[in-house]
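Taken in sequence, the protein lines are chains A and B.
Using the working numbering, you'd call the opening residue of the first sequence number 5 and step up by one each time.
Using the working numbering, you'd call the opening residue of the second sequence number 40 and step up by one each time.
Beta carbons: idealized from backbone N, C-alpha and C, even for Gly.
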Amino acid sequence: MVQKKESSEKLAALFGLKIGNISAQLEETGREFFCADNKLMDDDEIADLSGEFVNLISGLLNSKDPLKRTSPQFHALEIFFSGLTQRMLMRGGNVEDVVRYAQQLQYSLISALEGDSGITFTQSRSVLLYFAQLFDELIMAVFRIYLNERENMLKAQEAELRETSTPITEIWDGVLTLPIIGTLDSSRTMLVMEALLSRIAKDHARAVVMDLTGVKNIDSQVSHHLIQMVRAVQLMGSDAIITGIHPEIARALVSLNIDLSGVTTRASLSDGLKEAFSRMGIQVSHKAS
Amino acid sequence: MAIPGLHLTRIGKGNYLLEPLRSMNIRDKGLLMQEIVSHVQQGQGTHLYYDLNGLPIIDQVYYDWLDKLARTCLAVNIKMICINMQPTAAFTLSSFLTRKPVFETALGIPD
Numbered sequence: 005m006v007q008k009k010e011s012s013e014k015l016a017a018l019f020g021l022k023i024g025n026i027s028a029q030l031e032e033t034g035r036e037f038f039c040a041d042n043k044l045m046d047d048d049e050i051a052d053l054s055g056e057f058v059n060l061i062s063g064l065l066n067s068k069d070p071l072k073r074t075s076p077q078f079h080a081l082e083i084f085f086s087g088l089t090q091r092m093l094m095r096g097g098n099v100e101d102v103v104r105y106a107q108q109l110q111y112s113l114i115s116a117l118e119g120d121s122g123i124t125f126t127q128s129r130s131v132l133l134y135f136a137q138l139f140d141e142l143i144m145a146v147f148r149i150y151l152n153e154r155e156n157m158l159k160a161q162e163a164e165l166r167e168t169s170t171p172i173t174e175i176w177d178g179v180l181t182l183p184i185i186g187t188l189d190s191s192r193t194m195l196v197m198e199a200l201l202s203r204i205a206k207d208h209a210r211a212v213v214m215d216l217t218g219v220k221n222i223d224s225q226v227s228h229h230l231i232q233m234v235r236a237v238q239l240m241g242s243d244a245i246i247t248g249i250h251p252e253i254a255r256a257l258v259s260l261n262i263d264l265s266g267v268t269t270r271a272s273l274s275d276g277l278k279e280a281f282s283r284m285g286i287q288v289s290h291k292a293s
Numbered sequence: 040m041a042i043p044g045l046h047l048t049r050i051g052k053g054n055y056l057l058e059p060l061r062s063m064n065i066r067d068k069g070l071l072m073q074e075i076v077s078h079v080q081q082g083q084g085t086h087l088y089y090d091l092n093g094l095p096i097i098d099q100v101y102y103d104w105l106d107k108l109a110r111t112c113l114a115v116n117i118k119m120i121c122i123n124m125q126p127t128a129a130f131t132l133s134s135f136l137t138r139k140p141v142f143e144t145a146l147g148i149p150d
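Here it is as structure tokens:
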């Protein structure tokens, strides 16, 4: 009982501290992690960072309920660490540096507070536990941001890859080509269809040559999407020509009972282009010597 | 003669352009088809261009209307061509169509 009282008194003493003058000590920690070899921040930024952290932690310790995880002061600290993580990741730093910085910040803070108050916090479990819990939560915030950033980056890369793997090119006035490379899945087919139909409307394309030379596999759902794509192109008033169907794909289409009767197919992209040109009344020939 | 809910304009020898308005009521399709076909026939039209420009979606009900109108036109030797179909409309229509539509499609009115 006496010990519990002593612990809470130490916590109360901690919460009553004015810690505005310890930012200089925390700056050292920041320099160690972000100014050493990686040069992620300059001295001014470190000073701002330490000053902001001291203000936030001081606000939390002096708040109505410093133990409350849902308080605005605690939330502000979380945002501080989220922002720091985002900034470091954008500058090419890694999440480990931020986590180690947070841990080191905790030790520096305890040591600085001890020196400032004259109370030996290291002997007080309640104070150490408080800081451990507080910083665990902040480190969790760091990881949350890290994972979000990674996920966003992966999504952006995926979108970029999709865009580059289905380039729609106007190879001639009113003739679009769409070489499809890789595996066609339903979501990709939908994206390709959306992009293609918008392009037809925009360019008033009269013929579309879809080249499947780079497609190795096709399943039932995708083949239906492919036929749907051809039908949609025809409905818009353009001619759809499919080229480069591998024998395996042809076999798969037949075994899946896909009706290709209304679809124009040609062996190669060049044959497909010739067909498109001939439908448009264009004749491409060698220059007479 | 004006038909309520649409504009029907002669655009050259034998060609008619049908521009549906928002007020067009396709529930009363029987009468509407009769009026359109009769108007085109009186003008000795052979081609009816149906402008789908302002139509973002074509559902089953609207497709049935287009299908019936095209069949009626075919019965009196008028070819119906749907023009300016929007990408979203083409997408929705292609998702439930099981066979080639009776009407033809084109990007616009040919030069």
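Under 8 Å by beta carbon: chain B residues contacting residue i
i: Met284(A); result: What Met284(A) touches in chain B: nothing, since even the nearest Cβ is about 12 Å away.
i: Ser202(A); result: Pro126
i: Ala205(A); result: Gln125, Pro126
Neighbour-count burial assignment, residue i, 16 or more Cβ in a 10 Å radius
i: Gly84(B); result: buried
i: Ser272(A); result: exposed
i: Phe135(B); result: exposed
i: Asn6(B); result: As shown, chain B starts at 40 and ends at 150. That puts residue 6(B) outside it, with no answer to give.
i: Gln110(A); result: buried
i: Gly34(A); result: buried
i: Pro70(A); result: buried
i: Arg210(A); result: buried
i: Glu100(A); result: exposed
i: Val288(A); result: exposed
i: Gln99(B); result: exposed
i: Leu71(B); result: buried
i: Asn152(A); result: exposed
i: Thr48(B); result: exposed
i: Pro149(B); result: exposed
i: Gly51(B); result: exposed
i: His46(B); result: exposed
i: Ala244(A); result: buried
i: Gln161(A); result: exposed
i: Leu158(A); result: exposed
i: Ala116(A); result: buried
i: Ser77(B); result: exposed
i: Asp215(A); result: buried
i: Glu31(A); result: buried
Chain A residues whose Cβ lies nearer than 7 Å to that of residue i
i: Leu136(B); result: Arg235
i: Lys139(B); result: Gly266
Neighbour list for residue i in chain B, Cβ cutoff strictly below 7 Å
i: Ala145(A); result: Going along chain B, no residue has its Cβ under 7 Å from Ala145(A), so there is no contact; the nearest lies around 42 Å.
i: Arg210(A); result: Leu146
Continuous alpha helix (DSSP H) stretch holding residue i: start and end
i: Met194(A); result: 190-207
i: Thr131(B); result: 126-135
i: Thr280(A); result: It should be noted that the sequence gives Ala, not Thr, for residue 280(A). Segment 273-283, the alpha helix (DSSP H) holding Ala280(A).
i: Arg270(A); result: Taken as a continuous stretch (DSSP letters only), Arg270(A) belongs to no alpha helix (DSSP H), being part of the beta strand (DSSP E) at 268-270.
i: His86(B); result: Segment 86-90 is the beta strand (DSSP E) holding His86(B); no alpha helix (DSSP H) there.
i: Asn59(A); result: 47-65
i: Ile75(B); result: 68-81
i: Ala236(A); result: 224-239
Chain-ordered chain A contacts of residue i [CB-CB under 9 Å]
i: Thr151(B); result: Summary: the structure shown does not reach residue 151(B), with chain B confined to residues 40 through 150, and so no result is reported for it.
i: Leu132(B); result: Arg235, Ala236, Leu239
Residues that residue i contacts on chain B, provided the C-beta gap is smaller than 9 Å
i: Gln232(A); result: Phe130, Ser133, Ser134, Leu136
Opening and closing residue of the beta strand (DSSP E) in which residue i lies
i: Thr48(B); result: 45-49
i: Asp215(A); result: 211-218
i: Ile175(A); result: 173-176
i: Ala40(A); result: Careful: Ala40(A) lies outside any beta strand (DSSP E) and carries neither H nor E.
i: Ile179(A); result: The sequence given here places Val at residue 179(A); Ile does not occur at that position. 179-185 is the extent of the beta strand (DSSP E) around Val179(A).
i: Leu105(B); result: First-last for Leu105(B): 99-114, but that is the alpha helix (DSSP H), not the beta strand (DSSP E).
i: Ile26(A); result: Ile26(A) -> no beta strand (DSSP E), and no H or E assigned at all.
i: Met92(A); result: Counting along the chain, Met92(A) falls outside any beta strand (DSSP E), though it belongs to the alpha helix (DSSP H) covering 76-94.
i: Ile120(B); result: 118-122
i: Pro59(B); result: 54-59
Proximal residues, the segment 115-129 of chain B versus chain A, C-beta separation under 9 Å: Ile120, Cys121, Ile122, Asn123, Met124, Gln125, Pro126, Thr127, Ala128, Ala129
The segment 61-71 of chain A in contact with the segment 31-51 of chain A per 3-pair CB rule at 8 Å: no
Contacting positions in the segment 185-201 of chain A - beta carbon closer than 7 Å to chain B: Met197, Leu201
Residues of the segment 24-44 of chain A whose Cβ lies closer than 7 Å to any Cβ of chain B, in chain order: none
Touch test, the segment 93-104 of chain A against the segment 73-81 of chain A, Cβ-Cβ under 8 Å, three pairs minimum: no
Validate contact between the segment 211-230 of chain A and the segment 100-109 of chain B using beta carbons, cut 8 Å, 3 pairs: no
At least three beta-carbon pairs within less than 8 Å, the segment 273-287 of chain A to the segment 198-206 of chain A: no
Touch test, the segment 176-195 of chain A against the segment 132-145 of chain A, Cβ-Cβ under 8 Å, three pairs minimum: no
Three CB pairs or more closer than 8 Å across the segment 237-255 of chain A and the segment 113-130 of chain B: yes
At least three beta-carbon pairs within less than 8 Å, the segment 51-64 of chain B to the segment 79-93 of chain B: yes
The segment 212-227 of chain A contacting the segment 184-192 of chain A, beta-carbon criterion three pairs below 8 Å: yes
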